[in-house]
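Note that our numbering has the sequence shown beginning at 176, numbered continuously upward. Glycine included, each C-beta is placed from N, C-alpha and C at the ideal position. Here is the structure we will look at.
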Amino acid sequence: MKIGLMTSGGDCPGLNAVIRGAVLHGIKTYGHEFVGFRDGWRGVLEGDVVDLPRTRVRGLAREGGTILGTSRTNPYDGPNGGPERIAVTLERHHVDAVVAIGGEGTLAGAKRLAEAGLPVVGVPKTIDNDLQATDYTFGFDTAVQIATDAMDRLRTTGESHHRAMVAEVMGRHVGWIALHSGMSAGAHAVLIPEQQVPMDQVAEWVTEVHERGRSPLVVVAEGFIPEGIDEVVAGRGTEASGRPRLGGVGEYVTERLEAMTGIETRNTILGHIQRGGAPTGFDRVLATRFGLSVVDLVHEKQWGKMVAIRGTDMVRVPFDEALSGLKTVPQHRWDEAKVLFGR
Ligand code: F6P
Numbered sequence: 176m177k178i179g180l181m182t183s184g185g186d187c188p189g190l191n192a193v194i195r196g197a198v199l200h201g202i203k204t205y206g207h208e209f210v211g212f213r214d215g216w217r218g219v220l221e222g223d224v225v226d227l228p229r230t231r232v233r234g235l236a237r238e239g240g241t242i243l244g245t246s247r248t249n250p251y252d253g254p255n256g257g258p259e260r261i262a263v264t265l266e267r268h269h270v271d272a273v274v275a276i277g278g279e280g281t282l283a284g285a286k287r288l289a290e291a292g293l294p295v296v297g298v299p300k301t302i303d304n305d306l307q308a309t310d311y312t313f314g315f316d317t318a319v320q321i322a323t324d325a326m327d328r329l330r331t332t333g334e335s336h337h338r339a340m341v342a343e344v345m346g347r348h349v350g351w352i353a354l355h356s357g358m359s360a361g362a363h364a365v366l367i368p369e370q371q372v373p374m375d376q377v378a379e380w381v382t383e384v385h386e387r388g389r390s391p392l393v394v395v396a397e398g399f400i401p402e403g404i405d406e407v408v409a410g411r412g413t414e415a416s417g418r419p420r421l422g423g424v425g426e427y428v429t430e431r432l433e434a435m436t437g438i439e440t441r442n443t444i445l446g447h448i449q450r451g452g453a454p455t456g457f458d459r460v461l462a463t464r465f466g467l468s469v470v471d472l473v474h475e476k477q478w479g480k481m482v483a484i485r486g487t488d489m490v491r492v493p494f495d496e497a498l499s500g501l502k503t504v505p506q507h508r509w510d511e512a513k514v515l516f517g518r
């Protein structure tokens, strides 16, 4: 078989490890051939294809980004979009299967194409860890580690100046990165989209910590909606698709806290640093296992499914299951973390 790999949506540490795992297993175990589509669905629509021989994936597990490039192109858009046109393009390049490596948007497109009869399978990817049907996505652990390292640094400069420090992290509409990095760095408050915490409460936690001579650290998820505000803060407007470009809520929280507590407070937006660079060991292993596993899925022609991890096992799930709603932070995880806030 000739298998086409593509990476789509926001990049994520571990994408290259998936590609390497798939190519090595496919070639060594089954004798399959591989190509890559450049820049996500754009490459599929335009037939922008590169060969992926075994030599091309050498040493890739530790490399950040994606060697195939990525985009947020919708497979149903434009003159080459839709299942009929894509089928013609696949045939022209003798591609027998497409492996879509992506998050919610990518997998939704993959699901529609598979339902229309195309040979498509998926690998879940997102630093946000917000996909149902898989306990973890690769990229999340790396983002948490990067955010933790950054917060450790904020703590030392904050302590020196007796300031309160606010760190805004990614995660879109869920608080997984904030919760885990905040817990890991010993934050004194973590604000996540799933929980409405009054600013009075945050100010109280900050004041208590300051009064006992420490530098308060507040972690804010980009999707957190403060009281009195109607929607997420999207300081950089919206994408062409209408999706808000989140970011900026940390500045709002910082200004409010400084005004309410009188403590000098500084904001840091970690932004895309959380997605860059080499994946952690955990993410390299998870991504490699996804790559190995998805090749078995293709080999067995299990179209319309994606690989996932449950506990420590690789499993297969229909796209539907992954797309059945966001995996949010459950109440018990918040209650558990809250014990650590404030004094
Ligand atoms: O979904 C991953 C993610 O990094 C989100 O956490 C963030 O809101 C978004 O992508 C940023 O997207 P972009 O790179 O297009 O600005």
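For residue i, which of helix, strand or coil comes out of DSSP?
i, result
"residue 181", "strand"
"residue 347", "coil"
"residue 199", "helix"
"residue 315", "helix"
"residue 375", "helix"
"residue 241", "coil"
"residue 365", "strand"
"residue 413", "strand"
"residue 501", "strand"
List the DSSP bridge partners of residue i.
i, result
"residue 508", "Paired residue(s): none; residue 508 is not in a bridge."
"residue 495", "In the DSSP output, where bridge partners are listed per residue, residue 495 has none listed."
"residue 484", "489"
"residue 340", "392 and 441"
"residue 209", "178"
"residue 226", "210"
"residue 515", "Residue 515 pairs with nothing; no bridge assigned."
Starting from residue i and walking both ways along the alpha helix (DSSP H), at which residues does that stretch end?
i, result
"residue 277", "Segment 272-277 is the beta strand (DSSP E) holding residue 277; no alpha helix (DSSP H) there."
"residue 457", "456-474"
"residue 262", "258-267"
"residue 426", "424-436"
Throw me the rounded Cβ distance for the residue i and residue j pair, which I believe falls under 8 Å.
i, j, result
"residue 234", "residue 181", "Contact doesn't hold; Cβ gap of about 21 Å is too wide."
"residue 516", "residue 364", "5 Å"
"residue 328", "residue 390", "In fact, because the Cβ distance is near 12 Å, the residues do not count as touching under 8 Å."
"residue 240", "residue 316", "Rounded, the Cβ-Cβ distance is 17 Å, inconsistent with contact."
How far does the beta strand (DSSP E) with residue i in it reach, from first residue to last?
i, result
"residue 176", "Neither: residue 176 is in no beta strand (DSSP E) and is coded neither H nor E."
"residue 295", "295-299"
"residue 220", "Residue 220 -> not in any beta strand (DSSP E); alpha helix (DSSP H) instead, spanning 216-221."
"residue 421", "Careful: residue 421 lies outside any beta strand (DSSP E) and carries neither H nor E."
Less than 8 Å between the beta carbons of residue i and residue j, yes or no?
i, j, result
"residue 212", "residue 198", "no"
"residue 385", "residue 339", "yes"
"residue 258", "residue 282", "no"
"residue 500", "residue 307", "yes"
"residue 403", "residue 313", "no"
"residue 210", "residue 253", "no"
"residue 466", "residue 195", "yes"
"residue 366", "residue 428", "yes"
"residue 397", "residue 422", "yes"
"residue 477", "residue 296", "yes"
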